[in-house]
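Numbering (my numbering), first residue to last: 293 to 1066.
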DNA sequence: TGGGGCCGGGG
DNA sequence: GTGTACGGCCCCA
């Protein structure tokens, strides 16, 4: 029989009492298919440098007992960091191979590779069966269990580029709360579970025993039978809580296909057999544009309606006790937002999964470094590369990009010239890869005296090869996009593809400098940044020689007077002499610099305001000061008079002095970056977190603490209170005038000659007369 | 008063 | 758990 289906996961399952690869898939109507491949053999490599074949077989025979019959050893040639080695490939049944690698790790220790990659992932990479792609499967022995058609794999062929089928989605959110701070699954029942399938919201509220509502969730899942279950904080919070609640009853959470229970899997994500479990929190965690990592930010980004009342989890229990309606309304908004956000992101998720080979389940759980690594592993083996082990290394820093001191003040018509993908281009041009770096200048080597390493030019590195391929694939897609209708399905999918390829290319340099990388290269990363510094310095020299006035520069960019002829000459020189591509990135009609690097505000040619590094973009400044800075700098750039700017400032001061500001705009947000006990200093957010901790909240790394400064004496950390406990009568309004608003405005007005003294006197109420008395 | 701890953001 | 460079706050000696 032949099935044309879209694969969404591979897993280790069973066939006739033996472990087998299970390939979960659906057809264009969303019907389930499970294709079983009983023939895939797990394997690992052992380097022949560390053991002879005779000894190897002897150990395996002695230690494996009956499982030995299930093992095969073959001599193969593979590359390790580009160098050919003779390996023994030990393959066989999953259990036997696992036992064999355990035994050899103990007896030989070194030289064992790929025993740390799960068979289901090896299957994806070796068979080139990428998740979230279409395939034509030939199967036999077809049966049906529940509504899943099951068949045994004969063979398969890929079907290129067909949009993914419409997936059934169920979003889930829960109400967890406790009188005593953080809800504890040991004592605190689940208060409510809310689901949404795109049409109906179902809310199941505690009435007696929460076991009943968890069962209702299970019933809901089995009735809706979703391909995707999506939530916010599913992996770190919701699934662990629900499974912990059920442990008392000695049962698991039954939400998988064919009776599967949710269980913890690789990288700490939860796996729901036969369904795709997606946690959107992991998506927002990865992206810096989401400052506080909230669902509201994500929903706003996706241009969705925001809730009428957002309720903080610290207040869930209060609302549950006092205003349940409002709480339920909010959580209903959440499940809808989660559902709709997923719908907006599904192309990206499926494309990212398809390209990296990481199943959609945990493509977000994997860090961007790991995503890049899976991709390298996949491409590497096509070049005969064995995947190296992560080894323990000493942490070392190395110098990064070059940053120029800006010329402070207001400038007209400034062009930003930057290098197109500077680091990837350097890595390709100079062949920089872990295996191409050498210490000596002998042989075919491009040597860099200044840092004491060179790069081999007789072999092509793996990373540059991969980068070239990424760029080539992306260019192909981009040229196809030109002839497509931007609103078409095809365009959107291809656009998602080219974006993912770009992200992967841009990740490679950072990946190589990451100590946890399998393809880590301190020297390689150092050469990349060294060449980056050299490149930008050379172009600065050339720009000066051409007579261009340089205002600023950072890593891969220079800001110069907008003289199109000279700039074109510079760009041409970069291309001819350095062999790299530079371009005009944007032009500022006005741009304001302070004395500081990495901070400026500009008005672009299309009239938009761009603010970089200043208080406005930082979450550890209160919204009120941030907004004030935006308004005033916008007016400044658009040519407002000094009087107008001072009037605006005066208004912002006045509203604070009159306590007319919504206290939510006074919250300062800071992240907890380590266990509370590891902090060496007192600081407001740490102190507030410690107090929350005493009230029963588990304060974990990565949490955001929002605080407000109250009146009183002593250091700030003693006067900071959690924002849920702030009271306008106790707030230190002066702190907000002198330590939030004033510095944010001094920063942008002092470079244009408005003195700090002038602003301070306005802040004090001077020069306004009446203000003193209101 | 200045250095260290800490945080967030730029490219 | 991708990299380094940087500014600026608060605390404390």
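Built from N, CA and C at the ideal position, the CB exists for glycine as well. What you are looking at is a predicted structure, and each value in this text was computed from that prediction instead of being measured.
Exposed or buried, what is residue 518 when buried is set at 16 or more other beta-carbons lying within 10 Å of its beta-carbon? The residue given as residue 518 occupies position 226 in the first chain. Around the C-beta of residue 518, 16 or more other C-beta atoms lie within 10 Å, and the residue is accordingly described as buried.
Could you tell me if residue 779 is buried or exposed, where buried requires 16 or more neighbouring beta carbons within 10 angstroms of its beta carbon? Indexing the first chain from 1 puts residue 779 at position 487. Exposed is the call here.
Indicate the three-state DSSP secondary structure (helix, strand or coil) for residue 1065 in the structure shown. On the first chain, position 773 is the one that residue 1065 refers to. Note that residue 1065 has pLDDT 39, beneath the 50 cutoff, so the model's placement of it is unreliable and no number is given.
Sequence-distant residues of the same chain with beta carbon closer than 7 Å to residue 751, five excluded per side: What you label residue 751 is simply residue 459 of the first chain in a count that begins at 1. Excluding positions up to five away in sequence, the list reads 374, 728.
So what does DSSP say about residue 418, is it helix, strand or coil? As a working note, residue 418 is residue 126 in the first chain. Residue 418 falls in the helix class under three-state DSSP.
Reduced DSSP secondary structure (H/G/I, E/B, other) of residue 1060: Translated into the one-based positions of the first chain, residue 1060 becomes position 768. The pLDDT assigned to residue 1060 is 48, lower than 50, so where the model puts this residue is not dependable; a value taken from the coordinates is nonetheless given after this. Note: residue 1060 maps to coil in three-state DSSP.
Looking at the structure shown, is residue 960 part of a helix, part of a strand, or coil, going by DSSP? In the first chain, the residue the question calls residue 960 occupies position 668. Reduced to three states, the DSSP call for residue 960 is strand.
Nearest-angstrom Cβ-Cβ length linking residue 824 and residue 693, presumed shorter than 8 Å: As a first step, residue 824 must be located in the first chain, where it is residue number 532. As a first step, residue 693 must be located in the first chain, where it is residue number 401. With 8 Å as the limit, residue 824 and residue 693 qualify as a contact, their Cβ atoms being about 6 Å apart.
Expressed to the nearest angstrom, what Euclidean distance is found between the alpha-carbon atoms of residue 456 and residue 395? Translated into the one-based positions of the first chain, residue 456 becomes position 164. Translated into the one-based positions of the first chain, residue 395 becomes position 103. Looking at the two C-alpha atoms, the distance is approximately 43 Å.
Would you check if the distance between the CB atom of residue 827 and the CB atom of residue 870 is smaller than 8 Å? Counted from its first residue, the first chain places residue 827 at position 535. Counted from its first residue, the first chain places residue 870 at position 578. The answer is yes: Cβ separation under 8 Å.
Mind checking whether residue 892 and residue 705 have CB atoms under 8 Å apart? Reading the first chain from its first residue, position 600 is the one you call residue 892. Reading the first chain from its first residue, position 413 is the one you call residue 705. No, they are not a contact pair.
Looking at residue 1068: is its Cβ nearer than 8 Å to the Cβ of residue 440? The structure shown does not extend to residue 1068, since the chain is modelled only from 293 through 1066, so no value can be given for it.
Which parts of the region 528 to 603 are runs of the beta strand (DSSP E), unbroken and 3 residues or longer, counting only runs that do not cross its ends? 568 to 571
Run through DSSP, which three-state label would residue 653 get? Here residue 653 refers to the residue found at position 361 of the first chain. Correct three-state label for residue 653: helix.
Ignoring anything shorter than 4 residues, give me the alpha helix (DSSP H) runs that lie fully in the region 655 to 719, in order along the chain. 660 to 674
What residue from 531, 460, 691, 389 has the CA that sits closest to residue 408's CA? For the purposes of this step, residue 408 is identified with residue 116 of the first chain, where counting begins at 1. Ranking the options by Cα distance to residue 408, first place goes to 389.
Does the separation of the CB atoms of residue 1039 and residue 902 fall below 8 Å? Here residue 1039 corresponds to residue number 747 of the first chain, with the count starting at 1. Here residue 902 corresponds to residue number 610 of the first chain, with the count starting at 1. Not closer than 8 Å, so no.
Buried/exposed call for residue 1020, threshold 16 Cβ in 10 Å: Reading the first chain from its first residue, position 728 is the one you call residue 1020. Its Cβ having fewer than 16 others within 10 Å, residue 1020 is exposed.
Exposed or buried, what is residue 570 when buried is set at 16 or more other beta-carbons lying within 10 Å of its beta-carbon? For the purposes of this step, residue 570 is identified with residue 278 of the first chain, where counting begins at 1. That one is buried.
Give the straight-line distance between the Cα atoms of residue 625 and residue 911, rounded to the nearest whole angstrom. Start at 1 with the first residue of the first chain, and residue 625 comes out as number 333. Start at 1 with the first residue of the first chain, and residue 911 comes out as number 619. Each residue's Cα considered, the two are about 25 Å apart.
Take residue 690 as the anchor and find which of 815, 837, 566, 881 has the nearest alpha-carbon. Position 398 of the first chain, counting from 1, holds the residue named residue 690. Closest by alpha carbon: 815.
Under the three-state reduction of DSSP, which class applies to residue 950: helix, strand or coil? The residue labelled residue 950 in the question sits at position 658 within the first chain. Three-state result, residue 950: coil.
CB residue 319 to CB residue 297, shorter than 8 Å? Stepping through the first chain from its first residue, residue 319 is reached at position 27. Stepping through the first chain from its first residue, residue 297 is reached at position 5. For residue 319 and residue 297, yes; Cβs fall inside 8 Å.
Per DSSP, the bridge partner or partners of residue 1014: Walking along the first chain from the start, residue 1014 turns up at place 722. The partner list for residue 1014 (beta bridge, DSSP) reads 999.
CB of residue 605 within 8 Å of CB of residue 611, strictly: To locate residue 605, count along the first chain from 1; it is residue 313. To locate residue 611, count along the first chain from 1; it is residue 319. Going by C-beta atoms, residue 605 is not nearer than 8 Å to residue 611.
What span of residues does the beta strand (DSSP E) with residue 327 cover, start to end? Taking the first chain and counting its residues from 1, one reaches residue 327 at position 35. Run containing residue 327: 324 to 329, per the beta strand (DSSP E) assignment.
From residue 734 to residue 761, what distance separates their C-alpha atoms? Residue numbering aside, residue 734 sits at position 442 when the first chain is read from its first letter. Residue numbering aside, residue 761 sits at position 469 when the first chain is read from its first letter. Going by the C-alpha atoms only, they are around 30 Å apart.
By Cβ distance, which residues of its chain are closer than 6 Å to residue 400, with the 5 residues on each side in sequence left out? Here residue 400 refers to the residue found at position 108 of the first chain. Cβ neighbours of residue 400 beyond the five flanking positions: 342, 343.
I'd like to confirm the pairing. Which residues does DSSP put opposite residue 367 in its beta bridges? One-based indexing of the first chain puts residue 367 at position 75. According to DSSP, which records beta bridges pairwise, residue 367 is partnered with 380.
Assign residue 962 to one of two classes, buried (16 or more other C-beta atoms within 10 Å of its C-beta) or exposed (fewer than that). Mapped onto the first chain, residue 962 falls at position 670. Using a 10 angstroms sphere on the CB of residue 962, the tally of other CB atoms reaches 16 or more, which defines it as buried.
Give the range of the alpha helix (DSSP H) segment to which residue 494 is assigned. For the purposes of this step, residue 494 is taken as residue 202 along the first chain, with counting starting at 1. Counting along the chain, residue 494 falls outside any alpha helix (DSSP H), though it belongs to the beta strand (DSSP E) covering 493 to 497.
For residue 838, which residues from the same chain have a beta carbon less than 7 Å from its beta carbon, with the 5 sequence-adjacent residues on both sides left out? Here residue 838 refers to the residue found at position 546 of the first chain. 858, 861, 862.
Cross-strand partners of residue 445 (DSSP beta bridge): Taking the first chain and counting its residues from 1, the one referred to as residue 445 is at position 153. Looking at the DSSP assignment, residue 445 forms a beta bridge with 431.
Could you say if the region 506 to 518 and the region 450 to 464 meet the contact criterion of at least three C-beta pairs nearer than 8 Å? The answer is yes - the region 450 to 464 touches the region 506 to 518, with three or more Cβ pairs under 8 Å.
Rounded to whole angstroms, what's the CA-CA distance from residue 978 to residue 428? Just pull it up for me. Start at 1 with the first residue of the first chain, and residue 978 comes out as number 686. Start at 1 with the first residue of the first chain, and residue 428 comes out as number 136. When rounded, the distance between both Cα atoms is 56 Å.
DSSP on residue 625, reduced to helix/strand/coil? Locating residue 625 in the first chain gives position 333, counting from the first residue. Helix, per DSSP.
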